[in-house]
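Enquirer: So the sequence shown is numbered by the UniProt record's numbering: it starts at 1 and just counts up by one. Pasting a structure here, questions to come.
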Amino acid sequence: MFPILVRYFLPYEGVQVKILEFKELFDQNSYIIVTYVVDVLREHNILPKIVAYCGNNTNCNFGGSQKKGKNNVFTKLNQITGRSLIGIGCGAHVIHNAIKCATDCLPIDIECIIVKIYSFFYIYTVEEEILKQFCEVAGTEYQKLLGYNKTRWLALMPAVERVLQLYVPLKNYFLSIQKCPTVLKNFFEYLTSELWLFFVHNQSLTFHTAVLKIEGQNISAIEAAKYVDYSLTCKKKWEVQEDYIFQWVDLRKVPTWEEVQKSVDVLIEKGLINFEKDTEAFDEFTLVSLYVSAKKVDEWNSDSSNKYAEHRWVQVFQHFRDNNLNHTIFGKIVEYVLCLPASNAPVEQIFSLMNNLWTAEKTQMQVSIVKAMLLTKINFQMSCPEFYSFLKSSPELLKQICSSEKILPIAHQKSKTVLDSVSHFRVSQLKTICFLYAHINVKMSSDEEVAICMWYTLNTLEEREKKKLWVHPLNQKRITHNVIISFICELRSDEKKFKNYTRVSITTFDFIVQQIGEEIRKEDTNFRKSISPEERLLITLSFLGSGERFQRLHYNLRIGATTAGKIVNETCLAIWKILSPQFMPLPSTEGWLKIASEFEKTWNFPNCVGAIDGKHIAIQCPPNAGSAYFSYKGYHSIVLQAVVDANAKFIIIDVGDYGRNSDGGILKESNFGKLLDKNKLNLPTTPRKIHENLEENFPFVFVVDEAYPLKINLMRPFARRQLSNMKRIYNYRQSRARRIVECAFGILTKRFNVFENKMLVHPDKAAVITQAACVLHNIIMDKESNLTDIHSEIETTTLQVYQEDSDRPTNRRPSREAIEIREKFMIYQVVVKMSSDEEDVAIPILWFLLREIEQEENKKKLWVHPLNLKRTENNTIKCFIRELRNDECKFRNFTRMSTDTFDYILEILNDEIRKPDTNFRKSITPEEKLLVTLSYLATGERFQRLHYQFRLGATTIGLITNEVCIAIWKLLSPIYLPTPREEDWIKISNEFNKIWNFPNCTGAIDGKHIAIQCPLCAGSEYFNYKGFHSIVLQAVVDAHAKFITIDVGDYGRSSDSGIFKESSFGKMLLHNELNLPPPRKIHNDINEEYPFVFVGDEAYPLLPCLMRPFPCRNLTNEKRIFNYRQSRARRIVECAFGIMVKKFKVLENKIVVGPEKATQIVKAICVLHNLIMTREQHCIDIQEFINSQEQNDIIEQDISRIRSSNNRSSIAAISLRNKFTEYFNSNKGSVSWQNIYTKYKDL
């Protein structure tokens, strides 16, 4: 982000600092910055008034300290303005550079010494008690030292202070060790080293104080001279000694006429002031002298509230105004001097404010909203009463806001009448006002009115919206009918259903309630009864077992989404707090011995006390997190690092580290790793024999994979380079033992589906959820699991995945002792434990071939399960539909459409999906079938979870969904996805030209991968380049993001171009069977006729009827403009996919059905997408979505990724693309903004 701030002085208000613009630049070289700055200044009509340029002391800004060279911002600004501007570098940076350069003259390189000391303790851990705290500090701050900016030398000051505090023990330690770095040895042997450290620290404090004063917003460049000799930095920058000429402006003493006269001469020379009479300046000076007397100056100097020059001059000018005295010349002088800043600290404050606004609670705010809020925060101020009074007196302003095109959907839902009260505004409306201000400059009656609306937006977004209802009517059923309690009672009647829903048995459920009941119990109030501990635990286990969004729990259990989130967090905290000491305690020495004996008995690895590994828990990206949580797997995550025993139970866990960190790095920084290094894990300290025939003692070890270092107590496999048979056997046995931790993760994920998909909560809450799930895993393994079955399943898994191990060497050099211990274990595994007959069958792949897994289908015992009988007895689904219809917003959120649209679809499908009643049971009505199908499409929940909500069998739901999707495609696709006629193609092309400025374009084409589960015996046919199995949806979209034609079901491994050639659309296009119109003119002044074309990305071939962009090699500006215009039109298909996925969440995750049924689901969704876009256009503002800043950024990224194609294009296709390029660069076909997105690429 690149902010532009302007500083100026108002005679009666003081110094003002305002934001003019705040946007992201594609690059930051001098040409781009100058173009950006000049455009902004011209837009605000202040370019002629600029007298100075302030920025960081970089070559890009000033061309070095001498301000030489032509390729810098300062020089180019002087050329553009035609004036000699003042170039002001950051004074704070100058002070930093000054002390850094000064320390270079010392006999000791302090910077090198400090970094060397910290790096030593960052790598090594020492046992001296007095230095242990220093080690911990070094571990956390070393990376900061490496990352500090060289112009910020004072960042070393705290590190120097810590070294001084422990100078004696540090000196004794480094001089006593054998492998002391030479630099540190010479430093500590030098007699005056400590004195130099004290000297540097002392001087740093002095400079640091000066920096804090210079970075104040009120201080000017003239006033900064008293803190540091500013002439050293400004004399060359200003080209005249203006710091001395204007020194009197700070009013630290009574000004003299000689000083004022010199200042007047300078401004006359610059053309900033002129006057008719020579005595005019002297007359004003006389009036100023009468007010600014020696007594007044002494009064100001003794008053801390008037320490800055701006405050003093405000009093002077207010005195002149009150007495009707002229102050024109002095006003110009003071305005000129006080507008010169001492540093660029206000710019740094902008970035701090941005971080404060973009918080975890505001993760969905767009960049434009944050920008608008920053503009409001810095530029405007108004109290609540002032705003309310103004708004009440400005009905026209409210009417204009409410009737704006940008918030038409909201106004449609509420009222188009004039709002006469502040309470009518909702947060969603005010966000739109932000959008208006930031993007389209709605013409309001005054800038003040815009400012007030923006101010109110800022303050309202920081407050929670007031509740209109204490409890929503839909949730009242839970209280009046005891919905959750009744549901629990129904589940308790069937142990299998209860366990499937909660993942625990009834006995375990009651045990957990008994343990944590008091911790999560809330008191009843006079207004409502509290939610019982039993209900709270059921809600939490439902979330963990299914991973449903809190919004879906709201419909299933009739509880608010926010309330559900709070309950889950509180219950998980209680589970960890109360149950982790019982089911995940730190083992005692006897406990470790027991674990070791179980590992030897079960997995044949002696003296093993645990298996260690990490698992990435997918989360949504937190705001302002950068790449900290982005893992090598391609998504954002936190890491669960676990130590597991022989029975797949967790011994110790560490949760919450950044996803980008490696397993080895996480181990080092984790509590477990630190306890292991310090020998505080209660491990048996005395090594023991592992076989009666071996005299040597073996230490107790953990087994790890290749991501961890080899240590005395960490055994990793041998690297696969030149493996002997003995090493292979050791690797197999070590991997066989270690795989227990992978199996524990697998069991945890299979049991709690919340880990299968992305957690849409903050990382801290995701860590709490993971901790609670691990504790519950241990409880279930303790109370319910059969260890024999677990060991059998784990061993099968181990044999299957052994060949997938990819052991690689590590950069960490293990100790000689660790290498010797691993070799001893290898000899034991091969020579002692395994005979020659067993060696041949040790290869796990052979063991795997000897095992067969038998699966028996469960016979159906009941025609209708008792839990599902409630649906027919109580009309569960019908009652639920009736309740939803009472609230249009809730109905739309659940079904993704309005009640009118729902009834319209139902009317068309009614006869197709209706089944007759029988003597055995009543059929499921079409209304119920449609609701179940839309619920599945909107959420993507598994059929097993919908079973509990609708009281329908999971298989029945699957059949209903497939049946309804087929009916939607059969009956609605001819209406909402028909084959276009010639006049339809002409209408589409006219809309593309009108909206996206691409003439004769009849559609945008692209493909989307729909994730599915891997079909049986499919091999790699469905496996795509993105790393998952999929089918492909290829779509052609019109200018309004509606589908024209689709092809669904091709293999995921196929390319877009290959799918295009084999698709029915591609064949019809290539054979001219699409009823496309004949060529026509694209402009009245151009006689040549152009054919109608489709636009696609670089994956498609260039054809006379299909335009793809130019490859990025050797692009001219004309070709870049074509690429921008083509990509701008083509992006509508990406937006169509985005809208569809956002509406129908089933497409966000893997569809757990076969490819054929997945194809029917996708086809039905495309038809529903078109239907909703046609009937409910007021609910989706497509142009706002696509024209947002983020989409423009996507277009730029899309252009930069364009690559060449291997397809050979015809001469006709190349010629046509060149003609479009020529047209887009001509006066007839160009658009005013196209150069904004391409001019930076020429640099």
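Positions of the beta carbon are idealized from the N, C-alpha and C atoms, including for glycine.
According to DSSP, is L1016 helix, strand or coil?
Expert: The answer is coil: DSSP assigns L1016 none of H, G, I, E or B.
Enquirer: Excluding the 5 residues preceding and the 5 following R1130 in the sequence, name in chain order all residues of the same chain whose CB lies nearer than 6 Å to its CB.
Expert: Closer than 6 Å at Cβ, skipping near neighbours: A1004, V1095.
Enquirer: Buried or exposed for I1214, please, with buried defined as at least 16 other CB atoms from any protein chain shown within 10 angstroms of its CB.
Expert: By the neighbour-count rule (16 or more Cβ atoms within 10 Å), I1214 is not buried but exposed.
Enquirer: Curious, which full-length beta strand (DSSP E) runs of at least 3 residues does the segment 980-1028 contain?
Expert: Runs of the beta strand (DSSP E) inside the segment 980-1028: 1001-1011.
Enquirer: Extract the residue ranges of the alpha helix (DSSP H) inside the segment 1064-1134, only unbroken runs of 4 or more that lie entirely within it.
Expert: Whole alpha helix (DSSP H) segments, 4+ residues: 1064-1070.
Enquirer: Near K185, what residues of its chain come up, given a Cβ to Cβ distance below 8 Å and the 5 sequence neighbours on each side ignored?
Expert: Once the five neighbours on either side are set aside, the close Cβ partners of K185 are F174, L175.
Enquirer: DSSP state of H616, grouped into three classes?
Expert: Strand.
Enquirer: Look at V964 and F950 and say whether their C-beta atoms are less than 7 Å apart.
Expert: Contact: no.
Enquirer: If we require 4 or more residues per run, which alpha helix (DSSP H) segments fall completely within the segment 624-702?
Expert: Counting only runs of 4 or more, we get 663-669, 671-677.
Enquirer: Taking Y501 as part of the alpha helix (DSSP H), name the residues at either end of that continuous run.
Expert: From DSSP, the alpha helix (DSSP H) with Y501 extends over 495-502.
Enquirer: Terminal residues of the continuous beta strand (DSSP E) containing K171?
Expert: Counting along the chain, K171 falls outside any beta strand (DSSP E), though it belongs to the alpha helix (DSSP H) covering 167-176.
Enquirer: Below 8 Å, how does it come out for the segment 1227-1236 and the segment 1079-1096: are there three or more Cβ pairs, yes or no?
Expert: Yes: at least three Cβ pairs fall under 8 Å.
Enquirer: So is T279 buried or exposed if we call it buried at 16+ other beta carbons inside 10 Å?
Expert: The residue is exposed, with fewer than 16 neighbouring Cβ atoms inside 10 Å.
Enquirer: Below 7 Å between beta carbons: does that hold for I651 and D645?
Expert: Their beta carbons are under 7 Å apart, which means I651 touches D645 by this criterion.
Enquirer: Roughly how many angstroms lie between the CA atoms of L325 and T286, to the nearest whole one?
Expert: Answer to the nearest angstrom: the Cα atoms are 11 Å apart.
Enquirer: Is there contact here, the segment 977-986 with the segment 1102-1122, by at least three beta-carbon pairs under 8 Å?
Expert: Touching, no, given that fewer than three Cβ pairs across the two stretches are closer than 8 Å.
Enquirer: From the DSSP output, read off the bridge partner residues of A1035.
Expert: BP columns for A1035 point to D1006, I1046.
Enquirer: Would you check if the distance between the CB atom of G87 and the CB atom of F62 is smaller than 7 Å?
Expert: Contact flag set, yes.
Enquirer: So is T602 buried or exposed if we call it buried at 16+ other beta carbons inside 10 Å?
Expert: So T602 counts as buried.
Enquirer: Drop a sphere of 10 angstroms on the beta-carbon of S352, count the other beta-carbons inside from all chains shown, and report buried for 16 or more, exposed for fewer.
Expert: Exposed, since its Cβ has fewer than 16 Cβ neighbours within 10 Å.
Enquirer: Is V768 closer than 7 Å to C621 when the C-beta atoms are compared?
Expert: Going by C-beta atoms, C621 is not nearer than 7 Å to V768.
Enquirer: My understanding is that A766 touches L748, with C-beta atoms under 8 Å, so please give their C-beta distance in whole angstroms.
Expert: Incorrect: roughly 14 Å between the Cβ atoms, too far for contact.
Enquirer: Assign F1224 to one of two classes, buried (16 or more other C-beta atoms within 10 Å of its C-beta) or exposed (fewer than that).
Expert: Per the 10 Å Cβ criterion, buried.
Enquirer: Can you find the residues in the same chain that come closer than 6 Å, C-beta to C-beta, to L1076, ignoring five residues on each side of it along the sequence?
Expert: So the qualifying residues of the chain are W985, F1092.
Enquirer: Taking DSSP as the reference, what is the three-state secondary structure of P158?
Expert: In the structure shown, P158 sits in a helix (DSSP, three-state: H, G or I).
Enquirer: Within 10 Å of its beta-carbon, does I1047 have 16 or more other beta-carbons around it, so buried, or fewer, so exposed?
Expert: According to the sequence as given, residue 1047 is Asp; it is not Ile. By the neighbour-count rule (16 or more Cβ atoms within 10 Å), D1047 is buried.
Enquirer: Return the residue from the list C1112, T918, Q1126, I108 that minimises the CA-CA distance to N997.
Expert: For N997, the nearest C-alpha among the options comes from Q1126.
Enquirer: Indicate the three-state DSSP secondary structure (helix, strand or coil) for P181 in the structure shown.
Expert: Of the three classes helix, strand and coil, the one that applies to P181 here is coil, per DSSP.
Enquirer: What residues in its chain sit with their C-beta under 8 Å from that of E335, if we drop five residues either side in the sequence?
Expert: Closer than 8 Å at the Cβ level, and outside the excluded window around E335, lie Y8, F9, P11.
Enquirer: Which value, in whole angstroms, describes the spacing of the CA atoms of R945 and V639?
Expert: Approximately 27 Å between the Cα atoms of the pair.
Enquirer: Under DSSP, the alpha helix (DSSP H) around P974 begins and ends at which residues?
Expert: Here the alpha helix (DSSP H) through P974 covers 954-976.
Enquirer: Where DSSP assigns a beta bridge to Y53, which residues make up the other side?
Expert: G87, per the DSSP bridge assignment.
Enquirer: So the beta strand (DSSP E) Y8 belongs to, where does it begin and stop?
Expert: Residues 2-10.
Enquirer: Going by DSSP in three states, G560 sits in which element: helix, strand or coil?
Expert: Correct three-state label for G560: coil.
Enquirer: If I measure Cβ to Cβ from Q16 and keep anything under 8 Å in the same chain, skipping five residues before and after, which residues do I get?
Expert: Excluding sequence neighbours, Q16 sits near R7, Y8, F9, L10.
Enquirer: With a cut-off of 8 Å on the beta carbons, I'd call N72 and C60 a contact; round off their distance for me.
Expert: Right, their Cβ atoms sit about 6 Å apart.
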